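**Q** What follows is a structure written as structure tokens; I'll ask about it next.
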Amino acid sequence: MTGDDGNLPTDDHALLARISAGDEEALKHLYAAYRQRLWRYVWQQVGGDAELAEEVLQDVFLAIWDGARSFQHRAAISTWIFRIAHHVAANAVRSRVHHPAGASLQESLVTDATTYLPGAQPSPEDQVVERMLLTEAIERLAPKHRQVLELIFYHGFTCEEAGQILDAPTGTIKSRLSYARKALAGYLTSNNTAIAANNKEAFIHSASLEAGEVSYDA
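In my numbering, the protein residues as written are 196 to 413.
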């Protein structure tokens, strides 16, 4: 069964319903809607291997095609899709030797540093130093903490949705987020950077509000 491309809905739920009925055009539309975000996510998960990321992306949409009928609407469709991507990427990594890169997450967080360091207005010279130090700080984080930052800060998922994607309790996700943000702030502070000196308290307060100051295992 193929649908009339001109009459296809753009709503994810409607598209998934068409996909579950065997509508290949609906799958193409869903692919177009999610490809960029998903490719970036799986590229990060497979260590910057572009070829492997493309393979994973194809497998993700095959899994969506095969699993559309079993989707039970317990989570947002975007969460379900990223959960599939997480598992497919993890399986691909286990079956192939790869070289961790982490550049995607570093680029997005370093570029948007002022997003989670409120009120920072460093000089151009300070910005160069901050980018270097923040990159170093992100590299020092464990993969489980980098994953949470990636999903929440770049892809815009909530802690609950990130937990569904990563198969972890919401409390654990909040704890990892809080730990990661405090670790970044601490690293910047330890290097006496201008942004850290001016924004440490705001950074910690923001992390506390986002993560809820829980004590689950990080």
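Ideal Cβ placement from N, Cα and C applies to all residues, glycine included.
Treat the numbers as computed from the prediction; the structure is a model and nothing was measured.
Less than 7 Å separating the beta-carbons of residue 356 and residue 274?
**A** yes
**Q** Helix, strand or coil for residue 242, going by three-state DSSP, please let me know.
**A** coil
**Q** Does residue 208 pass the burial test, meaning 16 or more other C-beta atoms within 10 Å, or should it be called exposed?
**A** exposed
**Q** Tell me whether residue 362 is buried or exposed, calling it buried when 16 or more other Cβ atoms sit within 10 Å of its Cβ.
**A** exposed
**Q** Does the separation of the CB atoms of residue 343 and residue 372 fall below 7 Å?
**A** yes
**Q** Tell whether a beta-carbon distance below 7 Å holds between residue 277 and residue 360.
**A** yes
**Q** Using C-beta distances below 7 Å, list every residue in its chain close to residue 241, excluding the 5 sequence neighbours before and after it, in chain order.
**A** Excluding positions up to five away in sequence, the list reads 247, 248, 251, 284, 287, 288, 293.
**Q** State yes or no: is the C-beta of residue 233 within less than 7 Å of the C-beta of residue 270?
**A** The answer is no: Cβ separation not under 7 Å.
**Q** So, helix, strand or coil for residue 311, using DSSP?
**A** Its pLDDT being 40, under 50, residue 311 is placed unreliably by the model, and nothing is read from it.
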